[in-house]
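Residue numbers (the numbering used here), protein chains in the order written: chain V, 1 to 168; chain X, 1 to 134.
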């Protein structure tokens with residue numbers, strides 16, 4: 001049976017100046033996932049490792065490259081699903097967690113629930129020893145500039161929804 | 001948004017998706033990424049999917065589960081991805097992308113946005129791309 005890992009770094013109008021960084025990042029993440037499989041890890045271990053690599057790369061909108069909400073805060077979402085058992089874990093609107101995918105896996109492995117959100121997700125993280133990190137460590141200078149620029153737009157986020165510039 | 005799908009040597013599949021959401025989003029807004037069947041789904045019966053794109057559109061068509069439904073009906077992973085993204089465009093005018101893998105190791109990276117960075121690693125081969133039809 002062939003082992004395969006496929007990753008993406010987000011679908012949007014990626015500008016030319018960021019294209020190489022994005023491609024380099026997804027290549028590294030795919031290799032990270034495959035190395036986990038080669039080491040005897042499961043598909044679940046591989047996708048967690050690959051997504052952690054992408055979350056740790058500030059080029060991507062997740063973890064260390066997160067966008068800011070209208071209040072200038074970071075709110076992160078993640079999910080992980082095991083196709084063997086249909087087990088699933090997810091977190092939403094969690095703040096200041098470097099690797100939300102690993103917190104999602106902890107929800108799957110350590111609770112009887114599927115999703116924890118907001119303050120509850122952060123309290124769960126604290127209870128299992130996942131420490132929060134400062135907002136500044138998750139936000140790049142590029143994102144701060146873009147957030148400043150876009151908050152002065154006449155159109156709001158709802159008007160921009162579904163345009164090529166504004167989506168997850 | 002970032003995501004990954006994988007199949008291991010035992011034929012088990014899995015998916016994961018993670019995101020910072022959309023810039024300037026309302027406080028408390030949650031998109032598709034953490035919602036099961038929308039931002040991702042995995043089932044050894046059909047495959048694993050991770051989605052990216054316009055979150056509200058992906059939610060409305062339950063995109064990840066829709067891709068797997070097409071696979072269950074006999075479509076290839078590539079065709080299932082294309083049909084599902086086309087459906088999302090037709091019904092709710094949303095654009096996005098998916099990565100998919102089947103339990104037998106078939107895979108696809110498909111998108112309807114201008115670009116999506118993707119990579120696939122299998123055996124000693126690394127496939128990658130960012131522009132349509134690469």
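Beta carbons: idealized from backbone N, C-alpha and C, even for Gly.
- Considered as a whole, the region 78-104 of chain V harbours 88-94 as its complete beta strand (DSSP E) runs of no fewer than 3 residues, in chain order.
- Considered as a whole, the region 11-92 of chain V harbours 16-38, 43-55 as its complete alpha helix (DSSP H) runs of no fewer than 4 residues, in chain order.
- Unbroken alpha helix (DSSP H) stretches of 4 residues or longer found wholly inside the region 11-93 of chain X: 55-61, 63-72, 77-92, given in chain order.
- Contact note: residue 60(V) reaches chain X through 2, using a C-beta cutoff of 7 angstroms and chain order.
- For the pair residue 110(X) and residue 48(V), the Cα-to-Cα distance works out to about 21 angstroms.
- Under the 10 Å beta carbon count, residue 125(X) is surrounded by fewer than 16 other beta carbons and is classified as exposed.
- When the Cα atoms are used, residue 130(V) and residue 118(V) turn out to be separated by approximately 15 angstroms.
- When the alpha-carbon of residue 33(X) is set against those of 68(X), 106(X), 96(X), 79(X), the nearest one is in 96(X).
- In this structure, residue 30(X) keeps its C-beta atom at 8 angstroms or more from the C-beta atom of residue 103(X).
- Closer than 8 angstroms to the CB of residue 8(V) there is at least one CB belonging to chain X.
- Note on residue 93(X): under 16 other CB atoms within 10 angstroms of its CB, so exposed under the neighbour-count rule.
- For the 8 angstroms CB-CB criterion, residue 14(V) and residue 117(X) form a contact.
- For the C-beta of residue 75(V), the chain X residues within less than 7 angstroms are, from N- to C-terminus, 21.
- 8 angstroms or more divides the Cβ of residue 98(V) from the Cβ of residue 74(V).
- For a Cβ distance threshold of 7 angstroms, residue set 83, 86 of chain V lies close to residue 43(X), ordered along the chain.
- Per the coordinates, the alpha-carbon of residue 51(V) lies some 22 angstroms from the alpha-carbon of residue 56(X).
- Boundaries of the beta strand (DSSP E) harbouring residue 116(V): 115-117, taken from the DSSP string.
- Contact between residue 114(V) and residue 88(V) holds: their C-beta atoms lie close to 5 angstroms from each other, under 8 angstroms.
- Against chain X, the beta carbon of residue 130(V) has no neighbour under 7 angstroms; the closest one sits roughly 14 angstroms away.
- Taking a C-beta distance under 8 angstroms as the contact criterion, residue 63(X) and residue 84(X) qualify as a contact pair.
- Apart from sequence neighbours up to five positions away, the residues of its chain that approach residue 80(X) with a beta-carbon distance below 6 angstroms are 67, 70, 71, ordered along the chain.
- Within chain X, 23, 24 have C-beta atoms less than 8 angstroms from the C-beta of residue 150(V), given in sequence order.
- Under the Cβ criterion (8 angstroms, minimum of three pairs), the region 3-13 of chain X counts as touching the region 1-10 of chain V.
- Rounded to the nearest angstrom, the gap between the Cα atoms of residue 73(X) and residue 91(V) is 31 angstroms.
- The alpha carbon of residue 123(V) has as its nearest neighbour, out of 95(V), 136(V), 141(V), the alpha carbon of 95(V).
- Chain order gives the chain V residues near residue 36(X) as 79, 81, 88, 90, 114, 115, where near means a beta carbon separation below 9 angstroms.
- For residue 3(V), the three-state secondary structure derived from DSSP is coil.
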